[in-house]
Amino acid sequence: MRTITIANQKGGCGKTTVAINLSASVAREGRRVLLVDLDPQGHCALGMAVPDEQIDLSINDCLMSQIEGEPVELSRITWQITPTLDLAPSRRNLGMLEPKLGVRENADTLLRALLEANASRYDYCFVDCPPHLGLLMRNGLRAADEIVIPIDTGYFSLYGLTQQLTTIDEICERNGARPGVRVLPNQYDVRTKLAREILAELRNRYKGLVFETIVNFNTKLKEGASFGQPITEFAPTSIGARDFQKLAREIISGEPAPTPSAELLEHMERLAADAERLLATTTTLVDKRPVAARATSTVPAGQPAPPPDVAATYAAQPAAEVLRNTPSSTVAANPIWEGEPGRPVPGLERAPGPQRHVSVASPTAPSGLQGWASHEEIQRKIDRIYGVHQEGEAVVFLTHNPGANEVQLAGDFNDWMPHTTPMRRLSNGDFEVRLRLPRGRYSYRLVVDGRWSHDLHNPLVETNEYGELNSVAEVIR
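As structure tokens, then:
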């Protein structure tokens with residue numbers, strides 16, 4: 185579980201709005217999310233239509249019970265907001281926690297202990313902190329894997345950000361914690377010169393810390409809060425919903441929070457050691473003889489000629505070049521049967537007979553260049569295999585991502601929920617999933633280790649409402 189604390193000592197920067205809508209947007213991406221309200225004002229419950237008078241137990245009860253010796257389970261206080269989003273609300277009595285426990289040793293680790301005990305239940309936990317430095321904010325910071333600092337693009341924002349970064353550094357120095365820190369420009373109004381200047385200064389002064397996504401000023405965000413609904417439910421097609429969806433995807437799929445320099449150094453040393461060990465066991469892969477000498481050499485019987493690096497060759501091409509070079513789609517030429525949308529075909533494996541893998545090495549070399557296939561030949565073989573096609577009784581989505589740990593498929597056939605359609609890892613970095621899709625036109629995207637992109641092997645694309653490309657599969661009988 186990734187714990188992301190949303191904190192800023194400056195009030196009025198939209199922390200609670202960010203906490204509510206970001207957690208709802210991440211949950212909409214199919215992740216199991218917990219939102220913890222550490223602000224005694226209880227605005228998270230208010231913004232999610234949880235009636236205060238019906239809250240019998242709150243986060244205060246869970247934290248205090250760890251001291252009193254009779255733990256209150258987290259499941260007893262949570263409210264289900266959506267199928268994948270739970271809220272741990274607060275009440276005004278949370279403000280009494282600091283006077284009771286302020287001088288107690290390790291009082292700022294109570295939340296961390298609670299979340300660690302429930303880490304298997306959620307993928308993400310977002311913590312909304314109060315707007316002042318105290319025991320509650322320290323609990324939020326100590327529990328965090330990452331810290332998001334939302335700032336409005338106003339006059340005092342840079343000063344407030346400097347204060348917050350100093351506070352985080354002092355707490356981390358004292359406790360040895362090293363959470364990553366990210367800065368979120370919030371309530372941005374591009375029409376004002378001051379906002380544009382503040383944003384430019386933020387990106388210049390805090391390179392690498394500022395999110396690529398900006399949350400623009402949008403009245404729908406405030407209206408949604410007044411109706412007790414996150415923007416994903418109140419106005420899912422609004423600019424505010426678009427901004428938070430992009431932010432959620434950046435958090436899920438983007439670069440991890442900046443790593444401390446000591447960890448980076450240690451990581452680089454491990455990589456160097458691994459590289460030296462691997463190089464010591466490898467044989468020469470490149471023939472350094474002159475081209476003329478290589479051209480007259482022969483390949484021993486039964487041994488295939490050395491293939492070029494297909495993955496590197498293909499990955500190096502710009503998307504536009506790929507689309508120009510790829511033949512017209514084969515999807516429409518392959519009739520596909522009626523069936524239940526988005527469900528993997530049970531028991532379907534690869535059809536018997538020769539397997540349809542890309543083969544770039546051939547015992548018989550093309551004329552003129554012994555043992556090496558031309559780029560055009562490699563591209564033709566790739567296009568025949570990868571992308572979307574029918575194989576036997578399956579609609580096959582096949583992609584080549586040799587460096588990926590996980591590849592998922594999201595589209596309008598599964599409500600854009602990638603976790604419901606994981607792709608099965610094959611050999612040589614291939615990933616595949618087979619679906620039943622009735623006749624129709626479908627948009628889809630690949631999610632590679634959390635990163636969303638269109639299918640580079642499918643030339644049929646369209647621009648979506650966010651200005652990005654969706655791949656298109658046209659299914660006919």
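So for the sequence shown, the numbering used here puts the first residue at 185; every next one is plus one. Ideal placement from N, C-alpha and C gives every residue a C-beta, glycine not left out.
Are the CB atoms of residue i and residue j nearer to each other than 8 Å?
i	j	result
Arg-276	Gly-226	yes
Val-311	Thr-187	yes
Phe-395	Lys-404	no
Thr-583	Asp-633	no
Val-365	Leu-386	no
Pro-414	Asn-192	no
Tyr-306	Arg-380	no
Leu-320	Cys-313	yes
Asn-400	Ile-382	no
Leu-281	Asn-244	yes
Gln-371	Thr-421	no
Tyr-570	Gly-595	no
Val-617	Leu-593	yes
Ala-203	Leu-219	yes
Arg-322	Ile-355	yes
Ala-211	Leu-258	no
Leu-621	Val-591	no
Gly-392	Thr-189	no
Arg-585	Gly-613	For the sequence presented, residue 585 should be read as Asn rather than Arg. Their beta carbons are under 8 Å apart, which means Asn-585 touches Gly-613 by this criterion.
How about residue i: is its Cβ closer than 7 Å to a heavy atom in the ligand FAD?
i	result
Leu-368	For the ligand FAD, the structure offers nothing, since it holds no ligand at all.
Buried or exposed for residue i, please, with buried defined as at least 16 other CB atoms from any protein chain shown within 10 angstroms of its CB.
i	result
Gly-253	exposed
Thr-346	exposed
Arg-587	Sequence check: residue 587 is Gly here, not Arg. With fewer than 16 Cβ atoms within 10 Å of its Cβ, Gly-587 is classed as exposed.
Tyr-343	exposed
Asn-388	exposed
Thr-482	For Thr-482, the predicted model reports a pLDDT of 46, less than 50, meaning its position is unreliable; a value from the coordinates is still stated below. Thr-482 is exposed by the Cβ-count criterion.
Lys-194	buried
Pro-152	Lying before the first or after the last residue shown, residue 152 is absent from the chain, which here runs from 185 to 661.
Ser-341	buried
Ala-425	buried
Pro-643	buried
Ser-655	buried
Val-374	exposed
Ala-384	exposed
Ser-650	A small correction: the amino acid at residue 650 is Tyr; Ser does not occupy that position in the sequence shown. With fewer than 16 Cβ atoms within 10 Å of its Cβ, Tyr-650 is classed as exposed.
Ile-265	buried
Gly-196	exposed
Ser-207	buried
Ile-435	buried
Asn-648	exposed
With 8 Å set as the bound, which would you pick, yes or no: does the beta-carbon of residue i sit closer than that to a beta-carbon of chain D?
i	result
Lys-199	Included in the structure is just one protein chain, with no chain D present.
Nearest to residue i by CA position, among the options, is which residue?
i	options	result
Arg-326	Tyr-343, Phe-340 and Leu-298	Leu-298
Ala-361	Asp-292, Thr-421, Tyr-390 and Gly-412	Asp-292
Asp-240	Leu-247, Ile-261 and Ser-611	Ile-261
Ile-619	Phe-597, Ser-341 and Gly-392	Here residue 619 is Leu; the residue named in the question, Ile, does not match the sequence. The shortest C-alpha separation from Leu-619 is found at Phe-597.
Ala-233	Trp-263, Val-217, Val-256 and Ser-209	Trp-263
Asn-589	Thr-605, Val-631 and Gly-318	Val-631
Lys-406	Gly-231, Val-645 and Trp-636	Gly-231
Ser-437	Pro-602, Thr-189, Ala-384 and Phe-615	Pro-602
Ser-209	Tyr-390, Arg-358, Lys-430 and Ala-409	Lys-430
Thr-397	Thr-376, Arg-433 and Lys-377	Arg-433
Glu-289	Ile-251, Val-579 and Ile-190	Ile-251
Arg-609	Trp-636, Phe-581 and Leu-621	Phe-581
Ala-303	Met-185, Asn-612, Gln-574 and Ala-229	Met-185
Leu-247	Asn-648, Thr-376, Glu-300 and Glu-237	Glu-300
His-573	Glu-357, Val-645 and Glu-658	Glu-658
Leu-271	Val-287, Asp-329, His-316 and Thr-200	Thr-200
Gly-214	Pro-606, Asn-359 and Val-645	Pro-606
His-316	Arg-635, Pro-255 and Leu-222	Leu-222
Assuming residue i contacts residue j (C-beta within less than 8 Å), just tell me the rounded distance between them.
i	j	result
Asn-205	Phe-428	5 Å
Pro-273	Ser-242	5 Å
Ile-331	Pro-363	5 Å
Leu-285	Pro-224	That belief does not hold up - the Cβ atoms of Leu-285 and Pro-224 are roughly 14 Å apart, past 8 Å.
Val-367	Tyr-390	6 Å
_Runs of beta strand (DSSP E) wholly within the segment 221-297 (minimum 3 residues, chain order)_ = 263-266 and 269-272
*Of all the beta strand (DSSP E) runs that stay within the bounds of the segment 341-420, which reach a length of 3 or more residues?*
364-370
*Identify every run of the beta strand (DSSP E) within the segment 578-647, keeping only runs that are complete inside it and at least 3 residues long; order them along the chain.*
578-584, 591-595, 614-620, 624-632, 635-637 and 645-647
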